[in-house]
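> Those sequence lines, one after another, are chains S and R. Residues in the first sequence are numbered consecutively from 39, following the working numbering. Residues in the second sequence are numbered consecutively from -4, following the working numbering. Think of the CB as a built atom: it goes at the ideal place given N, C-alpha and C, for glycine as much as any other residue.
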Amino acid sequence: MTFIRPGNWSAIPWAYFMRSPKIFSLLLAALLSLCYALTIAPALSWANGGADGGDLITAAFTGGVPHPTGYPLYLLVAHLFQDFPLGGLAFRTNLLSALCTVLAALLLQSWLIRQLENQKFGVFSAFIGGAAFGLAPLVWGQAVITEVYGLQSLLILAFLFGLDWTALNGKDWVRGLLLGLAASNHLTSLILIPLLALDFSSKALFTLPMVFFKRMAGVLIGLSFYLILPLRALTQPPVNWGNPITLQAFWWLVSGRLYASYPFGVSFADVLLRLRGVAGLLLAQFALLGVVVGIYGLLSGLPRRILLASLWLFSSFCLFAVSYASYDSQVYLIPAFIAFSIWLTYGLSDGLQALSARFPRLAQLTCALIILLLLARLPGIFPQVDASHDLRAENFGVGFVSNAPENALVFAQGDEAVFALWYFQFSMSQRSDIVIISEELIQYDWYLTNLAHTYPQLMIPFSRPLTASDLLAANPARPACFVKQSATTFCQ
Amino acid sequence: MNRTFKFILAGLVTICLALLATGVWAETKNGSLGPKIHEVHKNCSGNKSINMGDATFSLTTADTTCNFDVVRTKYPQSFFGPLNNGLVFRSDGFLVTVTGADTNVIVCFAYSPIDADKNSTIWVFNSPNWVNLGGVVQSGSPKQICSSSFLFSGSSTGFALVGNQ
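#1: In this structure, what does DSSP give as the bridge partners for S/G315?
#2: Can the beta-carbon of R/A96 be found less than 9 Å from the beta-carbon of R/S148?
#3: For R/G153, return the contacting residues in chain S, with the cut-off set at a CB-CB distance below 8 Å.
#4: Output, in chain order, the set of chain R residues within a Cβ distance shorter than 8 Å of S/Y365.
#5: Please specify which runs of the alpha helix (DSSP H), each continuous and at least 4 residues long, are wholly inside the segment 76 to 158 of chain R, giving them in chain order.
#6: Span of the beta strand (DSSP E) holding R/Q64?
#7: I'd like the list of long-range same chain contacts for S/N46, defined as Cβ closer than 6 Å, with 5 residues on each side in sequence excluded.
#8: Just to make sure I have the definition right: I need the residues of chain R whose C-beta is within less than 7 Å of the C-beta of S/G188. Which are they?
#9: With DSSP collapsed to three states, give me the class of S/F263.
#10: So S/S299 packs on R/H36, CB below 8 Å; how close in whole Å?
#11: In the DSSP output, which residue or residues are listed as bridge partners for S/V473?
#12: By the criterion of Cβ-Cβ separation under 8 Å, what are the contact partners of R/T17 in chain S?
#13: So, for R/D110: in the same chain, excluding its five sequence neighbours on each side, which residues have a beta-carbon less than 7 Å away from its beta-carbon?
#14: Please report the residue range of the beta strand (DSSP E) in which R/I45 lies.
#15: Looking only at DSSP bridge pairs, what is R/T51 linked to?
#16: Leaving out five residues before and five after R/G48 in sequence, what residues of the same chain have Cβ atoms less than 7 Å from its Cβ?
#17: Using C-beta distances below 6 Å, list every residue in its chain close to S/V456, excluding the 5 sequence neighbours before and after it, in chain order.
#18: Residue range of the alpha helix (DSSP H) that S/T132 falls in?
#19: Could you check where the alpha helix (DSSP H) with S/K60 kicks off and where it finishes?
#20: For S/T284, count neighbouring Cβ atoms within 10 angstroms of its own Cβ and tell me buried if that reaches 16, exposed if not.
#21: Would you identify the three-state DSSP class for S/N441, choosing helix, strand or coil?
#22: Could you name the residues of chain R that S/Q368 contacts, counting a contact when the two beta carbons are closer than 7 Å?
#23: Rounded to whole angstroms, how far is the Cβ of S/L267 from the Cβ of S/P106, which I believe are closer than 8 Å?
#24: Give me the Cα-Cα distance between R/K138 and S/A374, rounded to the nearest whole angstrom.
#25: So, does the CB of R/F70 fall closer than 9 Å to a CB anywhere in chain S?
#26: Leaving out the 5 sequence neighbours to the left and right, which residues in its chain are closer than 7 Å to S/A85 when beta-carbon positions are compared?
#27: Are the CB atoms of S/G172 and S/L66 within a distance shorter than 9 Å?
#28: Just checking: is the beta-carbon of R/S122 within a distance shorter than 9 Å of some beta-carbon in chain S?
#29: Identify whether S/A518 lies in helix, strand or coil by the three-state DSSP scheme.
#30: Throw me the rounded Cβ distance for the S/G102 and S/V292 pair, which I believe falls under 8 Å.
#31: Under 8 Å: do the segment 158 to 176 of chain S and the segment 376 to 396 of chain S share three or more Cβ pairs, one atom per stretch?
#32: Does the distance from the C-beta atom of S/S262 to that of S/S148 stay below 9 Å?
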């Protein structure tokens, strides 16, 4: 116990403050909540690559099935938030992303505190690790729009936490269940299956095969959420990707068959460019000093299991992100940044420990400086992620529903246009007279079945593959509008 | 490794990353709505037209025994060859192959107002160069630009919409 004496009156608050997980948890929650509250999108938003928002919100609201691979757990959680009486429908799912990301950062901090409980600067370093993750522009950008990555981060961290949590010793199926839940939100979480082989509870590095199989059984239980998708499809909702009421259609949806050409679909030159892009993004997320500390942390002797787990998390998601041929694949780096935040935390703790051994006051000063540097970054990150003034999607939708001719056939191209129009027609119940047709999807029979059910008055000819011209010819009384992405709209 | 050495090594790696880093993420056009039709194979016994979504290819031959393939490439520049300076591809490239008959093929591309602004026309790859086929903008909607070219049986030919930068 430290007694207050002249000269050391500052010791008690400092020691208590630096080693209090509760204070740092409150600080982290307050910091991230404030940052997200100031930048959260007020409505449907295209900011930060948020084109999928309209599809996800509409599928969650109408009991539908969104684009592959279906995101069943996200649909259930999002629907709960949509019942929350605060703001508009889209705002509530934006709020879900923000809450999940705050909880993810808190869980990361908590897990790191447990790992570093014997380190003098463990709590402080874990706070910085959690804050670095939560304030990383890519993470922050996804936290303020409707997307699945906030929940994905939370569930991946819950899985990592569970691997190490002694309360789950003897309940290995729960460890697998956590991974299964993560995969029921975003299927790429299955990349982490090899981590089920790690043993955090004994001296052995790897578990026994029987334990691994028990964990895999838990994964399968977690994946059972995918079974809600056929049940939703049976109600014939307006958004019903793949119409997964048969085994073949179900597999088409959950296996992501639509995107079969995306993995490793990038040219070698673009892969090399993306690898350089990963370096650029790493520096953008953590700044030069953060990257130095993170790499130092990787070299500073992490416990073997954490080293293996974090290396796998980093490298597997980096490989996926650089080789996956979608326009927004950099968001798949978010789990890799969880790993880097872990390295950063270890590096910081080790560095401060070494500094404190020789220059205790300098170590304290360095902690204060680090917090100042963290806060000093905020004004620079703010404009990159701020979605609070982004009304493009709302203005697009409102403008369209106000001006589209009556009974128009609306041929829409691009995620932004199609999903925003679905949101306004099916979630906001506006302009039920117009027929929204995705030009990319009319090549699929399941979509034509869905169109026929959603718009019974629409005449759909038998020719295959169907074209816009065929539909126009079959519905001559209807005026036509053509919408390409969010830009060009012309009606006849 | 002692701490100082590790810190110096971390610093060196960071400098290397900073030198290699770029703010560009090589994007593709692929979104959640999925890719466009990649490949279609047909025989000539029925409708001699292949619709790739943003381009259609129709044979004029009366032969009913020939075969007809269209394959899309997202990288026409590397698949076929580069364009002249100042010109860019405004569509994917399409490799068209007919076997069993020599025939004309009518090629049509979707033609947006932006394509018109960029003076886009249809080009054919006559190795080693791209050659301008021109094209006539069709009336009606949605707008298309069409041209025709001759294909020898067994040969594969590349087509694309090309315009100004």
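So, from the listed chains and residues:
#1: Under DSSP, S/G315 forms no beta bridge with any residue.
#2: Contact check for R/A96 against R/S148 passes: the beta carbons are separated by less than 9 Å.
#3: Within 8 Å of the CB of R/G153, no CB atom of chain S is found; the nearest one sits about 17 Å away.
#4: For S/Y365, the chain R residues whose Cβ falls inside 8 Å of its Cβ are E22, T23, K24, N25, G26, in order along the chain.
#5: The segment 76 to 158 of chain R contains these whole alpha helix (DSSP H) runs: 108 to 112.
#6: Reading the sequence as shown, one finds Asp at residue 64 of chain R and not Gln. Going by DSSP, R/D64 is part of the beta strand (DSSP E) stretching over 62 to 68.
#7: With a pLDDT of 47 at S/N46, under the threshold of 50, the modelled position of that residue is not reliable, and the figure given next carries that caveat. Once the five neighbours on either side are set aside, S/N46 has no close Cβ partner at all.
#8: The premise fails here: S/G188 is roughly 18 Å from chain R at the closest Cβ pair, so nothing lies under 7 Å.
#9: S/F263 falls in the helix class under three-state DSSP.
#10: About 17 Å; that fails the 8 Å criterion.
#11: Per DSSP, S/L447.
#12: Going along chain S in sequence order, the residues near R/T17 (Cβ under 8 Å) are L311, R314, G315, A317, G318.
#13: Closer than 7 Å at Cβ, skipping near neighbours: R85, L156, G158.
#14: Counted as a single uninterrupted DSSP element, the beta strand (DSSP E) harbouring R/I45 occupies residues 44 to 46.
#15: Answer is R/N46, R/C103.
#16: Here R/G48 has K31, I32 as same chain residues with Cβ atoms under 7 Å from its own Cβ, once five neighbours each way along the sequence are excluded.
#17: The residues are A450, S476.
#18: Here residue 132 of chain S is Asn; the residue named in the question, Thr, does not match the sequence. Taken as a continuous stretch (DSSP letters only), the alpha helix (DSSP H) holding S/N132 covers 127 to 153.
#19: Counting along the chain, the unbroken alpha helix (DSSP H) around S/K60 starts and ends at 59 to 77.
#20: Exposed, by the Cβ-count rule.
#21: Reduced to three states, the DSSP call for S/N441 is helix.
#22: The answer, in chain order, is W20.
#23: Their Cβ separation, rounded to whole angstroms, is 10 Å, which puts S/L267 and S/P106 out of contact at 8 Å.
#24: Spanning the two alpha carbons is a distance of roughly 45 Å.
#25: Note that residue 70 of chain R corresponds to Tyr in the displayed sequence, not to Phe. Answer yes: the Cβ-Cβ gap between R/Y70 and chain S drops below 9 Å somewhere.
#26: Non-local C-beta neighbours of S/A85 in its own chain, meaning closer than 7 Å and more than five positions away in sequence, comprise A79, I183, A425, D428, ordered along the chain.
#27: In contact: S/L66 and S/G172 (Cβ atoms closer than 9 Å).
#28: By this cut-off, R/S122 is not an interface position.
#29: Strand, per DSSP.
#30: Contact flag wrong, Cβ pair sits at about 15 Å.
#31: With the cut-off at 8 Å, the segment 158 to 176 of chain S and the segment 376 to 396 of chain S touch.
#32: Result no, Cβ atoms of S/S262 and S/S148 do not sit closer than 9 Å.
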